[in-house]
Amino acid sequence: MATEVEENVPTVDPWGGVEEVGGEESTQLVSLDVTEVKLFGKWSLNDVEVSDISLVDYIAVKEKAAKYLPHSAGRYQQKRFRKATCPVVERLSSSMMMHGRNNGKKLMAVRIVKHAFEIIHLLTGENPVQVLVNAVINSGPREDSTRIGRAGTVRRQAVDVSPLRRVNQAIWLLCTGSREAAFRNIKTIAECLADELMNAAKGSSNSYAIKKKDELERVAKSNR
């Protein structure tokens, strides 16, 4: 006895994703559900914009730098400029480990950054990663002064700052400012870091990093 073939069985074309039901083609594309990588499972990294064109290659946020946690265990010190590919949130976390007694406490640093991001989101309603990127852009000095001459007669000469050094110095200033603000203070370091990032993102002179940047640029201007 011949078995009857069931009618109206949908078949999916592997190339186009077109379903054929009862001989009629319905151009219904099969959508692949690709999970978006979000920092700490919360903050989207795809819509973060780096507004300064000179720092686009040195503030790593999207694509390969998109991580769930700011802890990639990468060896960024092995080769020159490799640290430019390190996710900017991880660079912030690593800089929070400065000063001998904090060395190696990466989990503590990550927890502080996570807590600070939560505070920033509650107070501003913005994506905290975008606030961090804006703070880094605003905090890096564009002009600095260097020492020229041998021992005896030394003078200062104004020089332009490279993009990588701008990012490095901005992150260092942000972390130093928040660390000093938290010392002998009732506020936690996460709250101080959140305040520092928000003030720096706005370009406010209440930020330690912005004050230092303005001071460096003012000294450089006088040494032109």
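Under UniProt numbering, read the sequence shown as residues 1 to 224, first letter to last. We put the CB at the ideal spot given by N, CA and C, even for glycine. Because the structure is a prediction, the values reported are computed rather than measured.
What's the gap between the Cα of residue i and the Cα of residue j?
i	j	result
Y76	S204	32 angstroms
I137	I148	28 angstroms
Q169	S93	15 angstroms
S178	N206	12 angstroms
V30	V50	With a pLDDT of only 46 at V30, under 50, the local geometry of the prediction cannot be trusted, and no value is derived from it.
E215	G41	38 angstroms
D33	P163	Bear in mind that the predicted position of D33 carries a pLDDT of just 46, short of 50, making it unreliable; the figure below should be weighed with that in mind. Approximately 37 angstroms, taken between the alpha carbons.
L55	R142	11 angstroms
R224	V154	15 angstroms
T35	N185	41 angstroms
A60	V113	17 angstroms
R111	A220	37 angstroms
F117	M108	14 angstroms
H71	K106	8 angstroms
K211	K79	32 angstroms
S222	R101	38 angstroms
L132	A201	7 angstroms
R150	D57	36 angstroms
A66	D47	12 angstroms
T188	A209	19 angstroms
R91	H99	15 angstroms
G152	V37	56 angstroms
V167	A182	23 angstroms
L174	E196	7 angstroms
I171	D52	16 angstroms
On the premise that residue j lies in contact with residue i, defined as a C-beta separation below 8 angstroms, what is that separation, rounded to the nearest angstrom?
i	j	result
residue 228	N103	Because the chain in this structure spans residues 1 to 224, residue 228 falls outside the shown range and cannot be described.
V129	L39	6 angstroms
N134	S44	The pair is not a contact, with the Cβ atoms about 16 angstroms apart (cut-off 8 angstroms).
Following a CB-centred definition, is residue i positioned closer than 7 angstroms to any heavy atom of the ligand FMN?
i	result
N103	As for the ligand FMN, it is missing from this structure, which has no ligand bound.
From what residue to what residue does the alpha helix (DSSP H) around residue i run?
i	result
L132	P128 to S139
V89	V88 to S95
A60	Premise fails: A60 is in no alpha helix (DSSP H) and is neither H nor E.
F117	K106 to T124
Y208	Y208 to S222
Answer yes if the region 109 to 122 comes into contact with the region 78 to 86, meaning at least three C-beta pairs across the two stretches below 8 angstroms, and no otherwise.
Output reads no: the region 109 to 122 does not touch the region 78 to 86.
Identify every run of the beta strand (DSSP E) within the region 148 to 189, keeping only runs that are complete inside it and at least 3 residues long; order them along the chain.
The beta strand (DSSP E) runs of length 3 or more contained entirely in the region 148 to 189 are, from start to end of the chain, 155 to 160.
Within the chosen definition, does the region 184 to 193 reach the region 151 to 161 through at least 3 CB pairs nearer than 8 angstroms?
Cβ pair count under 8 angstroms is below three, so no.
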